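The next block holds one structure in the form of structure tokens; read it before the comments.
In UniProt numbering, the protein residues as written are 1 to 336.
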């Protein structure tokens, strides 16, 4: 433990904000990204925590993403909002439209937010969990860069294309899950490669299209596979249609970053759907959610989706967020 130091959430967020500002983002953008990244680290989502900082900075340095972008919010219908992220990150675009999105969902019962011209490089659950904390149901999808072979195909076309869902639950944490439609998240492959670990079978193929358990072979010209064969592939296709075709963003295969060496953030789109369950004619939704959870536990389920994050969160809030001494030193160096 002597090689590990602990920071509070506020300390880590402030450190990351300094890093983002020093490397070209506006204070507003830096604040949103730092909060997102620090919360992922706090909750043990290490593939989307401070691990992502070099990728963010590399994209900024290559002028691939606009760290000073000001999102343009467009109120287009009673239950529909569009946001042009102006070549910037998706989280500030969501932040700019969030108040209007909640107001529309509470007024109409349901509201859609379509973000285009955006870069999303983070975990998706932080985008939806806050809505559940306000008693709303939220669903979000985002596509990424081409790295997944559709089921039955020979070459990659889709992104990892995650789906995130959050719902309120009485007398407990909200129900939250975030899953890639690929067999494994791309960040987890990168971490496995860094640590020299092998992957389970069925995660990906090498550049010859042969199955491999070597994460480096997947990253070196190989590709990921969808989870569940044709089922995950169909969901990944759905995400492309909702996050790109419907929003006006790029499909995972449509952008070209070859002239921006170091670019790592996918330039695509994101869709969020927010529902106010109080508009339904049934019993309290949060109470019904709690009953479903009770019945799931009654049939032997020991861990709900998202439980590990809530456990890690509680531990981090009481003991601090642990960071390796060398990792923390690198972050402080980046912050100047």
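Every residue, glycine too, gets a C-beta built ideally from N, C-alpha and C. For clarity, every value in this text was computed on a predicted model and none was experimentally measured.
Sheet register partners of residue 324 (DSSP bridge): 4
Own chain residues within Cβ distance below 7 angstroms of residue 335, not counting five before or after: Counting only Cβ-Cβ distances below 7 angstroms, and skipping sequence neighbours, we find 15, 18, 19 and 22.
Cβ-Cβ distance between residue 322 and residue 8 below 8 angstroms: no
Assigned exposure category for residue 27 - 16 Cβ within 10 Å defines buried: Within a 10 Å sphere around the beta-carbon of residue 27 sit fewer than 16 other beta-carbons, which makes this residue exposed.
Validate contact between the stretch 207 to 221 and the stretch 229 to 238 using beta carbons, cut 8 angstroms, 3 pairs: no
Cα-Cα separation, residue 1 to residue 250: Bear in mind that the predicted position of residue 1 carries a pLDDT of just 46, short of 50, making it too unreliable to give a figure here.
8 angstroms Cβ cutoff met for residue 274 and residue 131: Yes; because the gap between Cβ atoms is below 8 angstroms, this pair is in contact.
Rounded separation between residue 258 and residue 264 - CA only: 11 angstroms
Residue 242 and residue 272 closer than 8 angstroms at C-beta: Cβ atoms of residue 242 and residue 272: not closer than 8 angstroms.
Closest Cα partner of residue 103 within the set 87, 90 and 134: 134
C-alpha gap between residue 200 and residue 146, whole angstroms: Each residue's alpha carbon lies about 21 angstroms from the other.
For residue 270, the residue or residues it bridges with in DSSP: In DSSP, residue 270 forms a bridge with 115 and 142.
Extent of the continuous beta strand (DSSP E) run through residue 83: Residues 80 to 84.
Residues bridged to residue 89 [DSSP beta-bridge criterion]: 119
Counted within 10 angstroms of its Cβ, other Cβ atoms place residue 181 as buried (16 or more) or exposed: buried
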